[in-house]
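J.: One structure is given below, represented as structure tokens, and several questions about it will come after.
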């Protein structure tokens, strides 16, 4: 009953933005394999992400020739969730380039970046154009969104070219993702971060699949499996990239028990993986919720440490609100 109610909310808001209301499953269509949705698209049909489209016998969109995104520069230390573990500080002169992809494989009802769902997307940006914003003063490039998954060919091409350009030696490649991407593509993302000293941050939004489906509109099976995969393997260089896990503390849904389950899952892989808890600020379809309270965050932090993790942080304490009883 609860999943049916949440499903209707997902449909309501996607319809309001003119987005595909469900994962396309057109018989005899072409399959897009970039993310967990694995849309089957008929001629002219758009994928769930609203970016990938079946045109003239092939699936197009989100590759090096053009992607829907916004890019910006900010001085270090950047406003980045992973800044507490990446090692870059204000003493490191330079800038971070943020690349926000205007598409997503999830449909989170509490999404703080929901504005990209609006029909009026920006003009596509080629990898060539995006690379013009990267120079020797750039210390890191952070690919996020939305999520990079629906437009990962564009992100990977850009990242490869940064790595290959001698004048850009030392630029870190970082990712923020829900890890719903194809496993082999996630491997390549990890390799690029590892070779450049960047961070791969993976959002583990819920451990219970029912809660995940209610909040995000899709199962978390691919995300959990991919997290295990990328944390347990070594890259071609023989190393493992800096991997960070994070979880938004959505009031009423992601409580200390749910955090305990996520933390136990992480600890079975490696107790030293940094885990960042995030205050959830009321927004989008769940704007009637309060902000995560200080007590909620403290209890979740204690639960994660009790589960065996050695590096637990609350990433945005400034956004914590008062007790839910006040």
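In our numbering, the protein residues as written are 0 to 325. Cβ atoms here follow ideal geometry from the backbone N, Cα and C, with glycine treated the same way.
Considering just the uninterrupted stretch of the alpha helix (DSSP H) at residue 138, what are its terminal residues?
T.: Against the chain shown, residue 138 aligns to sequence position 139. That residue, residue 138, is in no alpha helix (DSSP H); its beta strand (DSSP E) goes 137-144.
J.: Can you tell me whether residue 116 is buried or exposed? The criterion is at least 16 other CB atoms within 10 Å of its CB, across all chains shown.
T.: Within the chain shown, numbered from 1, the residue matching residue 116 stands at position 117. Classification of residue 116: buried, given that the 10 Å Cβ count is 16 or more.
J.: Please classify residue 14 as buried or exposed, where buried requires at least 16 neighbouring CB atoms within 10 angstroms.
T.: Locating residue 14 in the chain shown gives position 15, where the first residue counts as 1. Its Cβ having fewer than 16 others within 10 Å, residue 14 is exposed.
J.: Quickly, what does DSSP pair residue 261 with across the bridge? List them, please.
T.: If you number the chain shown from 1, residue 261 lands on position 262. Paired residue(s): none; residue 261 is not in a bridge.
J.: What does DSSP give as the partner residues of residue 67 in its beta bridges?
T.: Taking the chain shown and counting its residues from 1, one reaches residue 67 at position 68. None; residue 67 has no bridge partner.
J.: Which value, in whole angstroms, describes the spacing of the CA atoms of residue 144 and residue 324?
T.: Sequence index remark: in the chain shown, residue 144 carries index 145 (1-based). Sequence index remark: in the chain shown, residue 324 carries index 325 (1-based). Taking the straight line from one Cα to the other gives about 34 Å.
J.: At the level of alpha carbons, what is the spacing between residue 269 and residue 311?
T.: Numbered from its first residue, the chain shown carries residue 269 at position 270. Numbered from its first residue, the chain shown carries residue 311 at position 312. For residue 269 and residue 311, the distance between alpha carbons rounds to 13 Å.
J.: Nearest by alpha-carbon distance to residue 58: which of 225, 139, 30 is it?
T.: The count along the chain shown starts at 1 and reaches residue 58 at position 59. Here the closest residue by C-alpha is 30.
J.: Can you list the alpha helix (DSSP H) stretches of 4 or more residues lying completely in the stretch 148-222, in chain order?
T.: Segments of the alpha helix (DSSP H) lying fully in the stretch 148-222: 151-163, 182-195, 208-215.
J.: On the DSSP bridge assignment, give the partners of residue 84 in chain order.
T.: On the chain shown, residue 84 is found 85 positions in, with the first residue counted as 1. Partner(s): none; residue 84 has no beta bridge.
J.: What is the DSSP secondary structure of residue 311, reduced to helix, strand or coil?
T.: Taking the chain shown and counting its residues from 1, one reaches residue 311 at position 312. If DSSP states are grouped into helix, strand and coil, residue 311 belongs with the strands.
J.: Excluding the 5 residues preceding and the 5 following residue 43 in the sequence, name in chain order all residues of the same chain whose CB lies nearer than 8 Å to its CB.
T.: Counting from 1 along the chain shown, the entry for residue 43 is found at position 44. Excluding positions up to five away in sequence, the list reads 52, 53, 54.
J.: Sort 34, 40, 35 by Cα distance to residue 27 and report the nearest one.
T.: As a first step, residue 27 is located in the chain shown; it is residue number 28 there, counting from the start. Residue 27 has its Cα closest to that of 40, out of 34, 40, 35.
J.: Kindly indicate which residue of 75, 246, 99 has the alpha-carbon position closest to the one of residue 92.
T.: The residue given as residue 92 occupies position 93 in the chain shown. Residue 75 is the option with its Cα nearest to residue 92.
J.: Does the Cβ of residue 244 have 16 or more other Cβ atoms within 10 Å, making it buried, or fewer, making it exposed?
T.: Against the chain shown, residue 244 aligns to sequence position 245. Buried, since its Cβ has 16 or more Cβ neighbours within 10 Å.
J.: Taking 6 Å as the limit between beta carbons, can you name the residues of its chain near residue 9, skipping five residues before and five after?
T.: The residue given as residue 9 occupies position 10 in the chain shown. Around residue 9: 106, 216.
J.: Taking the alpha-carbon of residue 328 as reference, which of 316, 7, 301, 271 has the nearest alpha-carbon?
T.: Outside the shown range of the chain, which is 0 to 325, sits residue 328, and nothing can be said about it.
J.: Below 8 Å, can you find three or more Cβ-Cβ pairs linking the stretch 159-172 to the stretch 64-79?
T.: no
J.: Whole-angstrom Cβ separation of residue 124 and residue 96, contact assumed at under 8 Å?
T.: Translated into the one-based positions of the chain shown, residue 124 becomes position 125. Translated into the one-based positions of the chain shown, residue 96 becomes position 97. Residue 124 to residue 96, Cβ: 13 Å. No contact.
J.: Quick check: the Cα distance between residue 250 and residue 290, rounded to an integer number of angstroms?
T.: Taking the first residue of the chain shown as 1, we reach residue 250 at position 251. Taking the first residue of the chain shown as 1, we reach residue 290 at position 291. Taking the straight line joining both Cα atoms gives about 7 Å.
J.: Can you round the beta-carbon distance between residue 152 and residue 61 to whole angstroms, since I take them to be within the 8 Å contact cut?
T.: Within the chain shown, the letter at position 153 stands for residue 152. Within the chain shown, the letter at position 62 stands for residue 61. Contact holds; Cβ gap of about 6 Å.
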